[in-house]
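Participant:
Number of protein chains: 2
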Amino acid sequence: MEKIRKILLSDEEMPRQWYNIQADMPNKPLPPLNPATREPIGPEALAPVFPMELIKQEVSQERYIEIPDEVRDLYITYRPSPIFRAVNLEKALGTKSKIYYKYEGGNYSGSHKANTAIAQAYYNKKEGVLRMTTETGAGQWGSAMSFACHHFGLELLVFMVRVSYDSKPGRKILMNAYNAKVVPSPSTMTAAGRQILEMDPDSPGSLGIAISEAMEIAVQDPYTKYSLGSVLNHVILHQTIIGEEALLQMEKSGDYPDVVIGCFGGGSNFSGIAFPFLRENLVNGRKTRLLTVEPSSCPKLTKGKFMYDFGDSAGMTPLLPMYTLGHNFIPAGIHAGGLRYHGAGVLVSQLLKDGFIEAKAKMQRECFEGGILFARNEGILPAPESTYAIAGALDEARKADIEGVSRTILFNLSGHGHLDISAYEKYFENNLPDHELTEAEVEQALSKIDFPD
Amino acid sequence: MEKIRKILLSDEEMPRQWYNIQADMPNKPLPPLNPATREPIGPEALAPVFPMELIKQEVSQERYIEIPDEVRDLYITYRPSPIFRAVNLEKALGTKSKIYYKYEGGNYSGSHKANTAIAQAYYNKKEGVLRMTTETGAGQWGSAMSFACHHFGLELLVFMVRVSYDSKPGRKILMNAYNAKVVPSPSTMTAAGRQILEMDPDSPGSLGIAISEAMEIAVQDPYTKYSLGSVLNHVILHQTIIGEEALLQMEKSGDYPDVVIGCFGGGSNFSGIAFPFLRENLVNGRKTRLLTVEPSSCPKLTKGKFMYDFGDSAGMTPLLPMYTLGHNFIPAGIHAGGLRYHGAGVLVSQLLKDGFIEAKAKMQRECFEGGILFARNEGILPAPESTYAIAGALDEARKADIEGVSRTILFNLSGHGHLDISAYEKYFENNLPDHELTEAEVEQALSKIDFPD
C-alpha cells in the first residue's frame, strides 16, 4: 500500500457552506429577459415557479451561503464522498500522470443529484409548498428528487424524457419506490406535450420539452412548485459541496490538480466540482484547467451559439444568456440521457465565453469504451454520463504522456451505472451509434428558434 | 443532529484479521464424509476443487487468520463500511427501540459478496490457477467474483440460475462488463445440466444445480478451480470482517445490540455479521440474540432436517452435516435468488442445533413491504435478499414495543437493489406470489434424496 488509494474527510470536515461563483466572476452574467418586452426581469418574476429562498440564491452575490441543518442532516448520511486515486487505471494506461476521481454515486440515488434535490425539497417544504413537479432525463435527477420530496413530505410528479423512460424502466420503478408519480414526456397531460405529439407522435422527447410540461403543471396551482435538476444558479450552488470537499481532499493527498474534468448536460456536476477550483484560480492565482466534456450529438458548448434563448422547449422560462443549440432542438437518443439538453447554464456560459473554462465534445462509443476500461480496473461501473468525464481524463493522461510530462488529473465520477445496464448491453451488442452534429445541422437547429432576435 | 446517524471507522481501524468461529464452538462440526465409503475425508480430497490456502482455512482451528496485504489493498477501496442508525425508520414505526444497520452495498458489486470474492480470487491466483468457475443466484456473487477475477488476472465462467438469468438481465451485463462469461443454468455444457434439462427442459434452475455444473467444469482441468459464494467455512471466515467492524462501531455508538439479524441463503452474510458477536457471547458472556431470516419457500433452518447431505444437486461435493431440504430440492422462483439454496452451511447448522442462534422464515411479499418502508425512510433501496433482514428487524422492533421495552437492533443490509428493480416492478404490479413450504412438502422433498442413509 505505497500509494494513497482513497482520501476521506471526517463528518466534521463536511463543508458548512455552498460556494457562489457569482461573487468572484470578473464579468457578471447578463440578466434574464422578459420574452415579450426584452426588458430585464427581476427575481419576483420567478415566484410562481420557485420558492423565495431559491430565487434569492439564484441572484445572490454573496460568496458563501450557509447549508441549513435539515439539509446537512441528510447530506451526512452519504457525505463527505470519497476521492479515489485510480491506481489500477493508471497502471493499465501505463501513464505517468496521477488520476483521481471524486465518487458521487455512493448515495441512495446513485448520483450527485441528491445534493441539490435535498436542498430544493427542503426550501420548498419550508415555504409551505405541498406538491412538486420536475423533469428527468436518464432518471438520476428524478430518483434523487423522489426520495428528497418523500422525506420532506412533498408529493412529486416527474416528467421523464420518453427515450429514457422506454430504455431505462428501472429508473421509473425506483421513483415509484420513493412514492413519486412518473409520466413519459411528451405527454398528453399538458398543452406543451400535446403540441409536440401532434407534430411527432413518436417524439423521443427532450429535457427542454419535459421542463415545459413540468412548469406548465406547476404554475396552475399556488401550492405546486417546479424544480430543475441542473442549469440554474441555485442548483449549481448546491453542487459546489463536491468541489469544496475535493479541495480539502486534494490538500490531504499532497497533490493539486492540473486539470479538473466533469461531463456536461446543463452544467451542475461539472460546476459542482470545478467552481471551488476556479475560485482558487481567480482569487489565489492558481492555474487549474477546468474542462467540460459534452456529447458530440449535443454540442452546445463547442458548436452552439452564445445568445439569449429559452431554457425549455415551449418557451415558458425567461430568456437566458447561454450557449445553445436552440430551445426546440431535439438531440439524438444517446444513452447519457442527462446530457441531452439544448443549452448550458448561464454561469458556465459566461465563464466559457470569458475563457475561464474549456469544453470538448466526444462520441458515445469512445466514452463507453473508457467506461468499460474504468470498470475493469477500478471496479465501479460508471453511469453513461460519467463516461464522458472518464474519456476526458483518459485524453488528458495520454496527452501528458505524449508530451512526456506527469499531470494530476481530477474528474467527477458523478454516478454509478447499475440502473443504466441496458446501455452497456447495447455497447456489447455493438449497437451504440455515434452521432456528431455538423456545423450545418447546428445552423439549421439554431434557425428553428421561434422568436425574433 | 441530536442522534448519531452514521458510525464510521478510519482506514486504520479496518480489522487486520478474519475471525474463525471454529476455535470457539463448544461442539465442533461433524466431519465431511466420502459419499461412497461414508468415511471422514481429509482436506486433500478438496484439492482438485480449491487452492490449498482456502482448504486450510476451511478446516483451520485458529481463532484469527491474517488478511493478506493484496486483499486489504482492495478492501480499503470500500471498507470499513458504514453503520447507520435508522432514525427515520424508527420515527415511521414509532418504536422505542434503536435500529442500526451495517451497509454492505456501497462497493462495486453492490453487496457483501466482494469480501470473499477478493480473497478467493487472490488465493487462487497465488497458487497458479488460471481459470475459475462459479455459480450465482441473483448475481451479486457472480458480479463480485467477476471483478475480483479480472483484477487478479483470472478468467471466470459463471453458471447463473436460469430464473434469475431471465428476470435479472442486468446482472449478466455487469458480469460481462467485468469480462466474465455467463451461462444460464441448467445448461447443456455439463452432464449435470443436461440431466436436469432432460427431466425438465423448463427447469428454473437452483443454486445446487449451478454448483454441480461449475464443479464439473473445474475438475476437468488442473488450472481451473471452483469458487463458492457462501455456505463453506472459508467463505464465512472472509465475511467476518463485517461483524468485526460492527463490534467496533457499536462500541463507538455507546449501544450494544440485543439482537443481530441477517437474511439467510447459505449463511455467509448472516454469519459475517453475527459470528464476532457470538464470540462475545461465548467468550465474554454477553447475551446478544443472533437471528437469521430465511424465505418460507426455502425453509431449511426452520423446517429442514439436520443430516448429512450433498452441497450440490448432482452429488459432487462431500457429504456435509447440515440442515437441508434435500440436495435436489428446487425452491420456488422468489426474487431473492441468493436465498434459494437447499441447505445451510455446516457451521451455522451446528450452532443452530446447539441453540446458539435462532431462525425464522418470512414470506416475500411482507419482506418487500418492509423493503419499501425502509427505502422511503432511509433512502437506500434494498436488495430483495436484504428485505428479509429488514422484515426481521421490523418484527423485533414491534415485538419490543408490545412488550413495552426498548431494544437495540442491528441488521446487515447486505446489498442494494438497483440491479433487482424488476422484482420491485412485480411488487408494484401486485404480482409477487407468496410460497410457504408445508411440512408435507418438506417430507416429500427430503424423501427424494437419492442416496441411502
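So the protein sequences, as listed, match chains A and B. For the first sequence, the numbering used here gives the first residue as -10, with consecutive numbering after it. For the second sequence, the numbering used here gives the first residue as -10, with consecutive numbering after it. Glycine residues also receive a C-beta, built at the ideal position from the N, C-alpha and C atoms. Keep in mind the model is a prediction, meaning the values are calculated, not measured.
1) For a quick check, are the C-beta atoms of A303 (chain B) and I262 (chain B) less than 8 Å apart?
2) Whose Cβ in chain A lies nearer than 8 Å to the Cβ of L370 (chain B)?
3) With DSSP run on the structure shown, which of helix, strand or coil describes T123 (chain A)?
4) Report the neighbours of E414 (chain A) on chain B: residues whose CB is nearer than 9 Å to its CB, in chain order.
5) With the cut-off set at 8 Å, would you say A378 (chain A) and L402 (chain A) are in Cβ contact?
6) Report buried or exposed for V394 (chain A), applying the criterion of at least 16 other Cβ atoms within 10 angstroms of its Cβ.
7) Kindly give me the distance between the Cβ atoms of L163 (chain B) and L186 (chain A), rounded to whole angstroms, as I take these residues to be in contact under 8 Å.
8) Closer than 8 Å, CB to CB, is L448 (chain A) near chain B or not?
9) Does the distance from the CB of A372 (chain A) to the CB of D409 (chain A) come in under 8 Å?
10) With 16 as the cutoff for other CB atoms within 10 Å, does K17 (chain A) come out buried or exposed?
11) Restricting to runs no shorter than 3 residues, where is the beta strand (DSSP E) found entirely within the stretch 0 to 26 of chain A?
12) Ends of the beta strand (DSSP E) at T397 (chain B)?
13) Between the C-alpha atoms of A350 (chain A) and N168 (chain B), what's the straight-line distance to the nearest angstrom?
14) Can you say whether K80 (chain A) is buried or exposed, counting buried as having 16 or more other CB atoms within 10 angstroms of its CB?
15) Could one say the Cβ of F363 (chain B) lies closer than 8 Å to chain A's Cβ atoms, at least one of them?
16) Could you compute how far the alpha carbon of M(-10) (chain B) sits from the alpha carbon of V60 (chain A)?
17) Exposed or buried, which one is V272 (chain A) when buried takes at least 16 other CB atoms within 10 Å?
18) Going along the chain, which residues of the stretch 48 to 68 of chain B sit with their C-beta nearer than 9 Å to a C-beta in chain A?
19) For F295 (chain A), report the span of its beta strand (DSSP E) as first-last.
20) Which value, in whole angstroms, describes the spacing of the CA atoms of I107 (chain B) and S195 (chain A)?
21) Using a beta-carbon distance below 8 Å, is K102 (chain A) in contact with chain B?
22) Return helix, strand or coil for T177 (chain B), following the three-state DSSP convention.
23) Compare the C-beta of F417 (chain B) with all C-beta atoms of chain A and state if any pair is closer than 8 Å.
24) Near I(-4) (chain B), which residues of its chain fall below 6 Å by C-beta distance, leaving aside the five closest residues on each side in sequence?
25) So H139 (chain B) contacts chain A; which residues on that side make the cut at Cβ distance below 7 Å?
26) Could you name the residues of chain A that F136 (chain B) contacts, counting a contact when the two beta carbons are closer than 7 Å?
27) What's the gap between the Cα of I88 (chain B) and the Cα of A389 (chain B)?
28) Spell out whether any CB of chain A is found under 8 Å from the CB atom of E425 (chain B).
29) Let me check understanding here. Comparing Cα to Cα, which of B:T229, B:V76 and B:V38 lies closest to P265 (chain B)?
30) Please list the segments of the beta strand (DSSP E) lying wholly inside the stretch 61 to 100 of chain B, counting only runs of 3 or more residues, in order along the chain.
31) For R365 (chain B), which three-state DSSP category applies?
32) Kindly indicate which three-state DSSP category S436 (chain A) falls into: helix, strand or coil?
33) If I10 (chain B) sits next to L336 (chain B), beta carbons under 8 Å apart, how far is it from one beta carbon to the other, in whole angstroms?
34) Determine, for F461 (chain A), whether the minimum Cβ-Cβ distance to residues of chain B falls below 8 Å.
35) Once the 5 residues before and after A137 (chain B) are set aside, which same chain residues still bring their CB inside 6 Å of it?
36) Looking at the structure shown, is E42 (chain A) part of a helix, part of a strand, or coil, going by DSSP?
Facilitator: Quick answer:
1) Result no, Cβ atoms of A303 (chain B) and I262 (chain B) do not sit closer than 8 Å.
2) Using a Cβ-Cβ cut-off of 8 Å, L370 (chain B) is close to Y97, L163 and A166 of chain A, given in chain order.
3) In this structure, T123 (chain A) counts as strand in the three-state DSSP scheme.
4) In chain order: P158, G159, K161, I162 and N165.
5) Their beta carbons are under 8 Å apart, which means A378 (chain A) touches L402 (chain A) by this criterion.
6) Classification for V394 (chain A): exposed.
7) So it is not a contact: roughly 36 Å between Cβ atoms.
8) A question about residue 448 (chain A) goes unanswered here, because the residues of chain A that appear run from -10 up to 442.
9) In this structure, D409 (chain A) lies closer than 8 Å to A372 (chain A) by Cβ.
10) Exposed.
11) You should have 6 to 8.
12) T397 to L402 is the span of the beta strand (DSSP E), which, as asked, contains T397 (chain B).
13) When rounded, the distance between both Cα atoms is 28 Å.
14) Classified as exposed, K80 (chain A) has fewer than 16 neighbouring CB atoms from the shown chains inside 10 Å of its CB.
15) Taking Cβ atoms only, chain A never reaches closer than 8 Å to F363 (chain B), which makes this a no.
16) The predicted model places M(-10) (chain B) with a pLDDT of 41, which falls under 50 and marks its position as unreliable; any figure quoted below should be read in that light. M(-10) (chain B) and V60 (chain A) have their C-alpha atoms some 11 Å from each other.
17) Around the beta-carbon of V272 (chain A), fewer than 16 other beta-carbon atoms lie within 10 Å, marking it exposed.
18) Under the 9 Å Cβ criterion, the stretch 48 to 68 of chain B contributes D58, R61, D62, L63, I65, T66 and Y67.
19) Counting along the chain, the unbroken beta strand (DSSP E) around F295 (chain A) starts and ends at K294 to F299.
20) Roughly 42 Å separates the two Cα atoms.
21) No, its Cβ sits nowhere closer than 8 Å to a Cβ of chain B.
22) Coil, per DSSP.
23) With 8 Å as the cut-off, F417 (chain B) counts as an interface residue toward chain A.
24) Cβ within range, chain order: I72, Q238, K241 and S242.
25) Under the 7 Å cutoff, chain A gives R365.
26) Scanning chain A for C-beta atoms nearer than 7 Å to the C-beta of F136 (chain B) yields G368, reported in chain order.
27) I88 (chain B) and A389 (chain B) have their C-alpha atoms spaced approximately 12 Å apart.
28) Output row for E425 (chain B): interface = no.
29) For P265 (chain B), the nearest C-alpha among the options comes from B:T229.
30) Fully enclosed beta strand (DSSP E) runs of 3 or longer: 72 to 74 and 87 to 92.
31) The answer is helix: DSSP assigns R365 (chain B) an H, G or I state.
32) Looking at S436 (chain A) - three-state DSSP - the assignment turns out to be helix.
33) Between L336 (chain B) and I10 (chain B) the Cβ distance is about 6 Å, and since that is below 8 Å, they are a contact.
34) Nothing can be reported for residue 461 (chain A): it is not among the residues displayed for chain A, which extend from -10 to 442.
35) These residues qualify, in order along the chain: A106, I107 and A110.
36) Note: E42 (chain A) maps to helix in three-state DSSP.
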